[in-house]
Amino acid sequence: MGKKNKKDKQGKGKEKTDLKTEKNAAKRAKKELASKGEDDIEKLIAEFQEQDKSRTQVIEEKCPPPSPRSNTTLNAHPDKDELIMFGGEFFTGSKMYMYNDLLFYNIKKNEWTKVTAPNAPPPRSSHQAVTLKQGGGQLWIFGGEFASPTQSQFYHYKELWVFHLKDKRWEKIRVPGSPSSRSGHRMVICKKQLIVFGGFHDNIRDYKYFNDAFAFNFETYSWDKLEITGNPPAPRSGFMMGVFQDIPKAVVYGGYSKERIKKDVDKGTIHTDMFILCACDAKKKDDSAPLKWRWVQGKQSGNKPSPRCGMPMVVIPGNKAVCFGGVFDEEEDEEQLEGRFYNDMYMLDMEKGKWFNMAPRGKKDEKEKKKRRRNKENDGDMEEGDEEESDEEENDNVNMGDENEATQEIKKLKLDGEKGACGVSEEVTDGVFTVKVGPQSSTSQCSNSMDMDETDMSEDKDLFVPSPRMGSALTVKNSMLYLYGGTYESGDKQWTLSDLYSIDLHKMDEWRIIIQDDERGKVCEDSDSSDDEDKTKKSEDMEVSDDDDDDDDDDDLDDILEGCDVPVKTEDEPVNDYFERTKEFWLEQSEKYFKSEDMSVSKRTIQKFAKEMCTEYSKK
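The end of the sequence shown is residue 620 by the numbering used here, with every number in the run present.
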């Protein structure tokens, strides 16, 4: 009995300690938010919704091109020659901006229109959106995340929204049984249903990745969790998912996940496997009857992309899919993270699981056309010049719905090796992070000559290709592929892009620049530099109503540094110089602090807190 009571007391003591630790952490978090002038994240979202209630009418106005952003959605309008953009995020290096603007791009007029309608969804990124023709055209949106300006708080959504394109009206679908809150998931339309799969939820302290699937029925307006047989993919987010045409079948490829190996140690995984989600009774005539689903491991062949994440994918006719870019991050040790960004493009034959590397071939000049006409004349294929010219142009096109013609056209493209990028054009390091950046042009020197049309190699071509990036938006309208925005990182700095490009998937000749990237997204404020000095100065000038809070802050820093041999700061030494000279010490103390609080945070947060401690210590 005594032994049992002792265990009970130990358990209660541990529980009391955990509660005290959590209470202290919440107190520090609250004070930190107050010092930054930031409210609780749910209060921030509520303020957005309250402001929206004041809107009573729809406002349509011509506007400039979208501001820089990543993790937005870009969809083809189901009826018009337009593209629809919603949401996204922009990080300056010290502040996060979240969007909920609804923008329409008129392809023919090259004009942007902003539509502001009442009852709009709150700002978000990493959500999913699809378009339907029914009801005059609809844009459906599910999930996503909202980050506070300092990225110290995150909120994940689980609401389903629809924007009625004809009526220009938002509607929140209020039905039970929806997937849990998440972002980084994927959503496709299949047999009068929305299929949602995967994603993750992260609240700084803990995280969870999903491999569950849900279906929303457009006719009954109800959610169902799918009971799927077979071995499912491992939980993941940021993967690629494409649905087959006229068949209840979808492909899932790649993605990212991480798991806790032990306390304070997480292991990230970039997935390269493929799974097929297919209906067991796909041939049944009754479309209203629920389908039975199963997972099948997919086989892959061809020029498979190198491991990466943040690579968007869009389905094109013929049960094929196209993807662009991405990034591969590898943590080599506890203090170094290497990232390789890509700007290559791949096509996946979803039926065969075969990959093809795609690259623009350039427009054929008159010499090449004349040479081909002479060769065909010699072969007796053509009799009249007009027919030759006409057929020559036809040879530059691909019937995306025909398997043989598509494969023949792909063989004419410049093929690349397994790595997916040729060489490295830049390597940047600051002692903590190293980033290697892939090439920004497509050259014949980087191409594999296997299975290529010799006429494409008649001259060395240096063709424009959009710069390497991740988190960009990709869509197709009338056989034109459109690529917008995304992010690019160099060391601990991040740039957000605002450029827009298109390429004809039939001809694959060259990328067309619709919006040239400008300087807006190249603002990269260093949160560890002068910005912190400004914040420190502001905090010195602030009127503090509770002296105990300052004492608590001093006590917290004293507790963290207790027993440490703090490097000496000379009298006239600037804070920045002192921090750079003693950075390793402050990074070590910052990392120890978060471990003691059992908090899993990013390296950027560790660096930021290290600078804050150094600045606070220098004020003493």
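Virtual Cβ for every residue (Gly too), placed ideally from N, Cα, C.
Handout entry: Buried versus exposed call for residue 566 [16 or more other C-beta atoms within 10 Å across all chains shown]
Key = exposed
Practice task
Find out if the Cβ-Cβ distance for the pair residue 82, residue 104 is shorter than 8 Å.
Solution key: yes
Exercise for the section: Would you mind working out which of 463, 185, 364, 469 sits nearest residue 240, comparing C-alpha positions? Expected result: 185
Practice task
Compare the C-alpha of residue 279 against each of 495, 122, 250, 348 and name the closest.
Solution key: 250
Handout entry: Those residues which DSSP pairs with residue 503 across a bridge
Key = 481
Problem - Cβ-based burial, residue 221 [other Cβ within 10 Å; buried from 16] - result: exposed
Handout entry: Three-way DSSP call (helix, strand, coil) for residue 511 in this model
Key = coil
Handout entry: Supposed contact pair residue 193 and residue 41 - C-beta distance, whole angstroms, cut 8 Å
Key = Contact doesn't hold; Cβ gap of about 32 Å is too wide.
Practice task
Work out the CA separation of residue 502 and residue 481 for me, nearest whole Å.
Solution key: 5 Å
Handout entry: Within 8 Å, strictly: CB atoms of residue 306 and residue 324
Key = no
Problem - Reduced DSSP secondary structure (H/G/I, E/B, other) of residue 430 - result: With a pLDDT of only 34 at residue 430, under 50, the local geometry of the prediction cannot be trusted, and the value read off the model is given with reservation. Looking at residue 430 - three-state DSSP - the assignment turns out to be coil, as it is neither helix nor strand.
Exercise for the section: Consult DSSP for residue 613 and reduce its assignment to one of helix, strand or coil. Expected result: helix
Exercise for the section: Please name the residue, chosen from 56, 141, 120, that lies closest to residue 75 on a Cα-to-Cα basis. Expected result: 141
Handout entry: Of the residues 281, 177, 191, the one placed nearest residue 225, counting alpha carbons only
Key = 177
Problem - Spatially closest choice to residue 114 from 66, 359, 487, by CA coordinates - result: 66
Problem - Minimum C-alpha distance to residue 488 - residue among 343, 293, 56 - result: 343
Handout entry: Contact set for residue 591: own chain, Cβ-Cβ below 6 Å, skip 5 residues either direction
Key = 606
Practice task
Determine the direct distance from the alpha carbon of residue 99 to that of residue 124, and round the result to whole angstroms.
Solution key: 6 Å
Exercise for the section: Note the first and the last residue of the continuous alpha helix (DSSP H) segment covering residue 51. Expected result: 41-53
Exercise for the section: Assign residue 43 to buried or exposed, taking buried as 16 or more other Cβ atoms, counted over all protein chains shown, within 10 Å of its Cβ. Expected result: exposed
Problem - Proximity below 8 Å, CB of residue 618 to CB of residue 575 - result: yes
Exercise for the section: Could you name each continuous alpha helix (DSSP H) segment of 4 residues or more that falls completely within the stretch 175-225, going from the start of the chain to the end? Expected result: none
Handout entry: Nearest candidate by alpha-carbon position, reference residue 87, set 375, 473, 599
Key = 473
Practice task
Under 6 Å Cβ to Cβ from residue 594, same chain only, skipping five residues before and after it: list those, please.
Solution key: 601
Handout entry: Which of helix, strand or coil DSSP assigns to residue 231
Key = coil
Problem - residue 174 beta carbon less than 8 Å from that of residue 199 - result: no
Practice task
Answer yes or no: do residue 310 and residue 238 have a C-beta to C-beta separation smaller than 8 Å?
Solution key: yes
Exercise for the section: Let me know if residue 236 comes out buried or exposed under the rule of 16 or more other beta-carbons within 10 Å of its beta-carbon. Expected result: buried
Practice task
Please name the residue, chosen from 599, 587, 598, that lies closest to residue 609 on a Cα-to-Cα basis.
Solution key: 587
Problem - Simplified DSSP state of residue 266, which is helix, strand or coil - result: strand
Exercise for the section: Work out the CA separation of residue 190 and residue 130 for me, nearest whole Å. Expected result: 11 Å
Exercise for the section: Could you give the DSSP three-state label for residue 341: helix, strand or coil? Expected result: strand
Exercise for the section: Return the first residue and the last residue of the beta strand (DSSP E) that residue 465 is part of. Expected result: First-last for residue 465: undefined, no H or E at that position.
Problem - Among 611, 346, 564, 505, nearest to residue 580 - alpha-carbon criterion - result: 611
Practice task
Closer than 8 Å by C-beta to residue 172: which residues in its own chain qualify, once you throw out the five before and the five after it? Chain order, please.
Solution key: 119, 121, 159, 160, 161
Problem - Spatially closest choice to residue 578 from 614, 561, 228, 354, by CA coordinates - result: 614
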